[in-house]
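Q: Sequences listed follow chains P and R, in order.
Remember, this note's numbering sits 150 above the position in the first sequence when you count from 1.
Remember, this note's numbering sits 1 above the position in the second sequence when you count from 1.
Mind looking over this structure? Questions follow.
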Amino acid sequence: MINASMPATGRIEAAMTKAVSATFETMVFSEPSIQVEAKVMDSPTLGVSLQVSSPYAMMVAAVLPQGLARQIAAIIFRHEGNGDTPEVVRDAVGEVMNTMVGLFMQYLIPADQLFTMGFPEAWSGEAMRAAGSFQCYAFEVEGYPMQVFVFPNMSEVGAVLDPD
Amino acid sequence: MSISIVIVDDSKTARFLIRQQVEMAGFDQVEFHESINGREALATLDNAEAKLLITDYKMPEMDGLELLQSIKRNPMHQDLPVLVVTSFANMAKIRELMDHGAYAVLRKPVSVAALYDVLKPLLGPIA
Numbered sequence: 151m152i153n154a155s156m157p158a159t160g161r162i163e164a165a166m167t168k169a170v171s172a173t174f175e176t177m178v179f180s181e182p183s184i185q186v187e188a189k190v191m192d193s194p195t196l197g198v199s200l201q202v203s204s205p206y207a208m209m210v211a212a213v214l215p216q217g218l219a220r221q222i223a224a225i226i227f228r229h230e231g232n233g234d235t236p237e238v239v240r241d242a243v244g245e246v247m248n249t250m251v252g253l254f255m256q257y258l259i260p261a262d263q264l265f266t267m268g269f270p271e272a273w274s275g276e277a278m279r280a281a282g283s284f285q286c287y288a289f290e291v292e293g294y295p296m297q298v299f300v301f302p303n304m305s306e307v308g309a310v311l312d313p314d
Numbered sequence: 002m003s004i005s006i007v008i009v010d011d012s013k014t015a016r017f018l019i020r021q022q023v024e025m026a027g028f029d030q031v032e033f034h035e036s037i038n039g040r041e042a043l044a045t046l047d048n049a050e051a052k053l054l055i056t057d058y059k060m061p062e063m064d065g066l067e068l069l070q071s072i073k074r075n076p077m078h079q080d081l082p083v084l085v086v087t088s089f090a091n092m093a094k095i096r097e098l099m100d101h102g103a104y105a106v107l108r109k110p111v112s113v114a115a116l117y118d119v120l121k122p123l124l125g126p127i128a
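In structure tokens form, the structure reads like this:
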């Protein structure tokens with residue numbers, strides 16, 4: 151149930167920055183740096199989205215080069231050496247995204263308030279065209295660019311995620 | 002002698018990370034059983050002498066809360082400690098899960114130190 155208004159942009163940015171840093175430092179042993187401007191990404195890219203349904207309806211999506219996606223999986227599965235199949239790469243980035251959005255929501259809303267979110271969904275990054283109202287946060291991770299989008303208005307999300 | 006732990010998560014990555022962190026916490030004499038949702042975990046429990054079940058909250062088919070409730074309703078398994086590891090772990094969710102009988106709730110990303118603190122009373126001192 152949607153029963154709260156969205157926080158101010160500044161609070162969203164602070165929560166997102168903290169969530170991205172904590173997630174990558176713990177899961178990938180990497181310190182993301184915040185970028186003032188989003189850099190152009192080399193194709194192919196991977197997009198992963200996750201919907202939050204309460205207390206606000208919004209979508210969070212990340213777009214990153216496939217090279218970074220593969221590197222994330224390789225770092226996580228370093229001892230097992232099976233981090234390079236497309237399925238494992240998508241699963242690894244999906245779990246990173248799931249953790250990141252969970253932390254983002256914990257930083258964003260009061261601790262005594264429940265929140266609900268869906269499952270991570272992977273897309274080709276090229277299919278994730280930024281349309282409608284969104285906020286974009288740019289990071290550099292392991293020398294690669296990564297962009298995180300917050301779409302606060304779910305009525306506009308359908309136009310953004312048209313699969314190929 | 003090894004002890005048996007059931008790990009339940011729909012993500013292969015999450016299951017791998019939990020397994021790795023249990024071992025990094027020093028509990029290396031462990032036999033792991035993995036399930037991808039609550040329904041599969043209940044079947045696994047019928048065939049494994051598990052000492053602990055570690056589950057995600059958000060899973061398809063049967064989520065962590067439904068699994069926890071099923072375990073606590075079943076006289077065969079109701080004493081089994083259930084550790085919930087979830088991205089949803091703010092105070093409200095922790096309270097809800099503890100009210101339903103969770104042994105502990107840890108927030109993703111899990112630190113080895115937090116996992117050790119939770120596991121030590123259950124699994125005993127590291128040899």
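Glycine included, C-beta positions come from ideal geometry on N, C-alpha and C.
Please read all numbers here as calculations on a predicted model, not as lab measurements.
(1) Quick check on the DSSP output: what are the complete alpha helix (DSSP H) runs of length 4 or more inside the region 32-110 of chain R, in order along the chain?
(2) What three-state label does DSSP hand Pro122 of chain R in the structure shown?
(3) Using the Cα positions of Gln21 of chain R and Gly125 of chain R, report the straight-line distance between them to the nearest angstrom.
(4) For the beta strand (DSSP E) containing Ile225 of chain P, list its first residue and its last residue.
(5) Between Thr45 of chain R and chain P, is the shortest Cβ-Cβ distance under 7 Å, so that the two count as touching?
(6) Work out the CA separation of Ile72 of chain R and Val106 of chain R for me, nearest whole Å.
(7) Which residue wins for smallest C-alpha separation from Glu62 of chain R, given the options R:Arg40, R:Leu116, R:Gln70 and R:Val85?
(8) Can His34 of chain R and Val9 of chain R be called in contact, C-beta distance under 7 Å?
(9) Please check if any C-beta of chain R sits within less than 7 Å of the C-beta of Lys168 of chain P.
(10) Report buried or exposed for Val186 of chain P, applying the criterion of at least 16 other Cβ atoms within 10 angstroms of its Cβ.
(11) Any beta carbon of chain P sitting closer than 7 Å to that of Ala128 of chain R?
(12) Can you find the residues in the same chain that come closer than 6 Å, C-beta to C-beta, to Met77 of chain R, ignoring five residues on each side of it along the sequence?
(13) Below 8 Å on the Cβ atoms is my guess for Val198 of chain P versus Ala272 of chain P; work out the distance and round it to an integer in Å.
(14) Asn38 of chain R versus chain P: which residues are under 9 Å apart at the beta carbon?
(15) At the level of alpha carbons, what is the spacing between Met152 of chain R and Met247 of chain P?
(16) Let me check one thing: in DSSP terms, what residues is Glu271 of chain P bridge-paired to?
(17) Scan the region 206-227 of chain P for residues whose Cβ lies nearer than 7 Å to a Cβ of chain R and list them as they occur along the chain.
(18) Could you compute how far the alpha carbon of Glu306 of chain P sits from the alpha carbon of Phe299 of chain P?
(19) Can you give me the C-alpha to C-alpha distance between Pro110 of chain R and Gly244 of chain P, rounded to a whole angstrom?
(20) Span of the beta strand (DSSP E) holding Glu290 of chain P?
(21) Compare the C-alpha of Ser180 of chain P against each of P:Gln297, P:Pro302 and P:Glu290 and name the closest.
A: The structure says:
(1) 39-48, 65-74 and 92-100
(2) helix
(3) 18 Å
(4) Where Ile225 of chain P is concerned, there is no enclosing beta strand (DSSP E), although the alpha helix (DSSP H) it sits in stretches over Gln216 to Ile226.
(5) no
(6) 16 Å
(7) R:Arg40
(8) no
(9) no
(10) exposed
(11) Confidence at Ala128 of chain R is low in this model, with a pLDDT of 45, below 50, so its placement is unreliable and the value that follows should be read with caution. Taking Cβ atoms only, chain P never reaches closer than 7 Å to Ala128 of chain R, which makes this a no.
(12) none
(13) 5 Å
(14) Those within 9 Å of Asn38 of chain R in chain P number zero; the least Cβ separation is about 12 Å.
(15) Given a span of 2 to 128 for chain R in the structure shown, any question on residue 152 of chain R remains unanswerable.
(16) P:Ser199
(17) Ile226 and Phe227
(18) Low per-residue confidence applies at Glu306 of chain P: pLDDT is 49, beneath 50, and the placement is therefore not dependable, though the value from the model is reported in the following sentence. So the alpha carbons of these two residues sit roughly 13 Å apart.
(19) 13 Å
(20) Gln285 to Val291
(21) P:Glu290
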